[in-house]
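Below: one structure, written as structure tokens.
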Amino acid sequence: MHQPDRVSLREVAPRDGLQNEPPVPTADKIRLIDALSRTGLSRIEAVSFVSPKAVPQMADAAEVWKAVEKHSGIRYSALAPNRRGVERALEAGFTAVEVVVSASETHNRANIGRSVAESLAELPDICGLAREHLASVEVIIATSFGCPFEGDIAPAKVARIVEAAEAAGAGRVAFGDTTGMGTPRRVTELLDAVDTALPMLMHFHDTRGTALANLLTALDRGVVEFDASVGGIGGCPFAPGASGNVATEEVVHMLHDMGVETGVDLEALIRTAELAQEIVGRPLESGVLRAGPRTRLTPKP
Numbered sequence: 001m002h003q004p005d006r007v008s009l010r011e012v013a014p015r016d017g018l019q020n021e022p023p024v025p026t027a028d029k030i031r032l033i034d035a036l037s038r039t040g041l042s043r044i045e046a047v048s049f050v051s052p053k054a055v056p057q058m059a060d061a062a063e064v065w066k067a068v069e070k071h072s073g074i075r076y077s078a079l080a081p082n083r084r085g086v087e088r089a090l091e092a093g094f095t096a097v098e099v100v101v102s103a104s105e106t107h108n109r110a111n112i113g114r115s116v117a118e119s120l121a122e123l124p125d126i127c128g129l130a131r132e133h134l135a136s137v138e139v140i141i142a143t144s145f146g147c148p149f150e151g152d153i154a155p156a157k158v159a160r161i162v163e164a165a166e167a168a169g170a171g172r173v174a175f176g177d178t179t180g181m182g183t184p185r186r187v188t189e190l191l192d193a194v195d196t197a198l199p200m201l202m203h204f205h206d207t208r209g210t211a212l213a214n215l216l217t218a219l220d221r222g223v224v225e226f227d228a229s230v231g232g233i234g235g236c237p238f239a240p241g242a243s244g245n246v247a248t249e250e251v252v253h254m255l256h257d258m259g260v261e262t263g264v265d266l267e268a269l270i271r272t273a274e275l276a277q278e279i280v281g282r283p284l285e286s287g288v289l290r291a292g293p294r295t296r297l298t299p300k301p
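Using UniProt numbering, you'd call the opening residue of the sequence shown number 1 and step up by one each time.
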């Protein structure tokens, strides 16, 4: 098995996590981001600039971003579905934006309200706008491993979107397992189909319990960038059954035991998962949050 010395994790709970929960007070969003910033994470997806009618959970994005403590060693990013969202992110001061397009026509229309072709046609303009602001663009390809509406997604279809993103001037691509339909076999097939010099990131949901297996498969193929969400919160409001992301503390716990560094303080991360659980007001499904790390022993009887 190919094993890198270090993996880069991007924390997505403040955006991907909270967008799938009932609206959370602005102060709690700020509190969560500030706590995550103190765990050693080097990348945090803070907010998204989307229509407040479509995703009311993110209506206070600019207010949240203005108030959070910015740490110089952390790369904060914002997600946007279109040029207008990117403009708002750049106006707010972000230098890293993520644009989402789905490999599934049906999901793209449900999620973005336009065809895949329309989303791709806007990419060169978005990338040019970002360059003017000295910002980078990442293209996230949702439903890369399957769509709840259309079923299997051909890897070649995903590969064509990667080619379009590279031609448009994007700086990296990410592959989203929007409803947890990915398996190790499908991760392998996708990576076999994609040929790009762009950095690649994987975003796995644990809907069907395969997220860590998928991550290990991608790691073995040389992928070293992954999304994760503290406590495992998250999902997609426009995809039925899109339950939680892979929990950041579970990923860190596994990788550290393998000797792969992440730069993250696991105990601080678990405390932040406890905060996330308090904020959403329900028990979270993360096993490491529930049981603690394997090094945490029970007192002898």
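Backbone N, C-alpha and C fix where the C-beta goes; we use that ideal spot for every residue, glycine too.
- Secondary structure at residue 267: helix, using DSSP grouped into helix, strand and coil.
- Here the C-alpha atom of residue 182 lies approximately 11 Å from the C-alpha atom of residue 189.
- The beta carbons of residue 165 and residue 100 sit about 11 Å from each other, so the pair does not count as a contact at 8 Å.
- A residue is called buried once 16 or more other Cβ atoms fall within 10 Å of its Cβ, and residue 27, having fewer, is exposed.
- Annotation: residue 31 to residue 253 spans about 24 Å, alpha carbon to alpha carbon.
- A straight line joining the alpha-carbon of residue 43 with that of residue 80 spans about 17 Å.
- Excluding sequence positions up to five before and after residue 124, its CB lies within less than 7 Å of the CB of 168, 169, all in the same chain and listed in chain order.
- For the pair residue 87 and residue 282, the Cα-to-Cα distance works out to about 35 Å.
- In this structure, DSSP gives residue 230 a helical state, which the three-state scheme calls helix.
- The beta strand (DSSP E) runs lying completely inside the segment 126–152 and spanning 3 residues or more are 136–142, given in chain order.
- With respect to the 8 Å criterion, residue 103 and residue 153 are classified as neighbours on the basis of their beta carbons.
- The C-alpha of residue 205 is placed about 24 Å away from the C-alpha of residue 196.
- Around the beta carbon of residue 115, fewer than 16 other beta carbons lie within 10 angstroms, which makes this residue exposed.
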